[in-house]
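Q: Please read through the structure below; I'll follow up with questions.
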Amino acid sequence: MNTLKLIRNNWKKSLFLSCVVGYGVSTIKTKLDIKLYMNKLSNEVLHSNQTTNVLPKNVLVIMNPIAKKKKAENLFKKYCEPLLHLAGFSVEILRTNHIGHAKTYVEEMSALPDVIVVAGGDGTKSEVVTGLLRRQGEICPISLLPLGREKASGFNFFNFGSELEFVKTLCQALLPLLNNQYKYADVIQYDVLDEENNNENDSPSNSLKPIFGINGFSWGLLKDIDTLKDKYWYVGPLRHHLAAFFRSFSATANWDSKTDYVYTPPCPGCSNCCAEVEDQPTKGFFLSKLVKTQNMSRAATQKLIKNDSCATKLSGCINSNQININLSHNEENFSELESKFIDSLQPGWDFIKNIPKITNKTVEPNLVLKSRTIKLYPSVSDEPIFYSIDGEEYEPRPIQVSIVPNAIKVFC
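Quick note: the sequence shown, position 356, residue 356 per UniProt numbering, numbers continuous.
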């Protein structure tokens, strides 16, 4: 009774003490669970290495030290690097210090390692892929670790189980490399077009090298809002909502962008596609070097297939708020570009009512195009909104977006 009376008379202190004790117990339990999980996983990796007797391989880790709120390097060294050493890998770490560092380094390396492990966000992954595919000759496989921007809700104060789940996810992303489980993945290629021509028969510029990505292309008002949300970091999980709210009253907001487009229908591969590649000798090494030997027979078969619709070029013009282009697999199990044009957002109250859809990225597109390639010709604006390719910004210029099939070997 005395204890209950004491708690009732000091309920504020009791509540605070209960929160501190609860947080401490949950933290200790999470740390213990992580230790048990890592011990079990380490024993499995060590046992697998002893039974298979695989020779050590050289691994280059390209690290973005500011990724994951500057925790990426500590997380990698704490959970991933010990597993690589147990599996017999020799590890070398490259810390990027500016935008484009990873791309230039990989492209200009005299000799590639056996594997490149990318420890960073979408931008770092795109730079590594671009650097690899710009090289002449053979390329090495890559392994992608989820050490980019944190997308969890900011309301998770106590983080019950979240740290353990993240460690499991991080280690599971590394296991395919340790178990030699891989697949060949398609990538998206972006070529700058010659601005002087500005017609459907123009070709990529010979003076500028292509950019490669794995996640997609974004351009427009919603992309601009997504970029500005970090400006309102002090409101936590509401920063995206606040950025959209203030953008709805901005006099400088570019609400509509006029864009001409030319696209070709999706195609699994035919004589037209192969002829198109042969007409570009500077990029012919993609099919000769990046595709597995058994896939060459498939390319030879495609040369015998005639698909008249593949060479068809369809064009149009649209005023849109937002353009998103992503790589997807259709029902026939080959890759195609899915271009979504949104033109339903208007300033004022209607835009404010759509803020939940904007932050959740569920705004319905007004036009969806399925294509093998697509060319975009954006109109000139006084305050242009930059392109976003895998999270990296580029100046808006006429570009061609296309698919490079089976371009990279990924451990996943």
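Each residue gets a CB set at the ideal place from its N, CA and C atoms; glycine is no exception.
Counting C-beta neighbours from all protein chains within 10 Å, is the total for I28 16 or more, i.e. buried, or is it exposed?
A: exposed
Q: Closest to E73 by C-alpha separation, out of Q136, E127, L170, would be which residue?
A: L170
Q: Rounded to a whole number of angstroms, what is the C-alpha to C-alpha distance between F249 and N215?
A: 31 Å
Q: Across the stretch 240-249 and the stretch 353-360, are there enough close Cβ pairs to call them in contact, namely three or more that are closer than 8 Å?
A: yes
Q: G131 by DSSP, collapsed to three states: which one?
A: helix
Q: Please classify D186: does DSSP put it in a helix, a strand, or coil?
A: strand
Q: Strictly by DSSP, which residues pair up with T264?
A: T373
Q: Please check if any C-beta of chain C sits within less than 9 Å of the C-beta of I214.
A: Absent here is chain C; the protein component of the structure consists of one chain.
Q: Leaving out five residues before and five after P396 in sequence, what residues of the same chain have Cβ atoms less than 6 Å from its Cβ?
A: P378, P384, Y387
Q: So, does the stretch 56-68 touch the stretch 20-39, judging by three or more C-beta pairs under 8 Å?
A: Contact between the stretch 56-68 and the stretch 20-39 is absent: fewer than 3 CB-CB pairs across the two stretches fall below 8 Å.
Q: Which residue comes first and which comes last in the beta strand (DSSP E) that contains L60?
A: 58-63
Q: Can you give the Cα-Cα distance for P204 and Y79, rounded to whole angstroms?
A: 43 Å
Q: Here's a check: name, in chain order, each residue in its chain whose Cβ is nearer than 7 Å to the Cβ of A244, leaving out the five neighbours to either side.
A: I225, I355, I358, T359
Q: Assign V235 to one of two classes, buried (16 or more other C-beta atoms within 10 Å of its C-beta) or exposed (fewer than that).
A: exposed
Q: In chain order, what residues of the same chain have a beta carbon less than 7 Å from the beta carbon of N366, not counting five sequence neighbours either side?
A: The answer, listed in chain order, is F341, I342, D343, S344.
Q: Could you check what DSSP says for V363 in three-state terms: helix, strand or coil?
A: In the structure shown, V363 sits in coil (DSSP, three-state: anything other than H, G, I, E or B).
Q: For F411 and F16, what's the separation of their Cα atoms in angstroms?
A: Between F411 and F16, the C-alpha separation is close to 47 Å.
Q: Please classify C270 as buried or exposed, where buried requires at least 16 neighbouring CB atoms within 10 angstroms.
A: By the 10 Å Cβ count, C270 comes out buried.
Q: Mapping the DSSP letters down to three states, classify T227 as helix, strand or coil.
A: helix
Q: Would you kindly report the start and end of the unbroken alpha helix (DSSP H) that includes I352?
A: Its alpha helix (DSSP H) spans residues 349-353.
Q: Which word fits S218, buried or exposed, when buried means at least 16 other C-beta atoms lie within 10 angstroms of its C-beta?
A: buried
Q: Suppose you measure from the CA of G391 to the CA of V368; what does that come to, to the nearest Å?
A: For G391 and V368, the gap between their C-alpha atoms comes out near 22 Å.
Q: Whole angstroms are fine: how far does the CA of S328 sit from the CA of L144?
A: 19 Å
Q: Cβ of K68 within 8 Å of any heavy atom in the ligand SAH?
A: The ligand SAH is absent from the structure shown, which contains no ligands of any kind.
Q: Going by DSSP in three states, H47 sits in which element: helix, strand or coil?
A: helix
Q: Can you name the residues that DSSP bridges to E393?
A: S388
Q: Do the stretch 95-112 and the stretch 125-135 make contact, defined as three or more Cβ pairs closer than 8 Å?
A: yes
Q: Could you check which residue in F246, S90, A67 has the C-alpha nearest to that of I116?
A: S90
Q: Let me know the secondary structure DSSP gives L336 once reduced to three states.
A: Correcting the residue type first, residue 336 is Glu in the shown sequence and not Leu. Three-state DSSP puts E336 in a strand.
Q: From what residue to what residue does the beta strand (DSSP E) around I318 run?
A: Where I318 is concerned, the enclosing beta strand (DSSP E) starts and stops at 314-320.
Q: Alpha carbon to alpha carbon, what distance is there between E163 and K71?
A: In this structure, the CA atom of K71 is about 13 Å from the CA atom of E163.
Q: State the beta-bridge partners of D191 as determined by DSSP.
A: Q400
Q: Relative to the alpha-carbon of G148, which residue among N319, A185, L132, G120 has its alpha-carbon at the smallest distance?
A: G120
Q: For H329, which residues does DSSP report across the bridge?
A: S335
Q: So, helix, strand or coil for A119, using DSSP?
A: strand
Q: What are the complete alpha helix (DSSP H) segments, minimum 4 residues, inside the stretch 61-93?
A: 67-70, 72-75, 81-86
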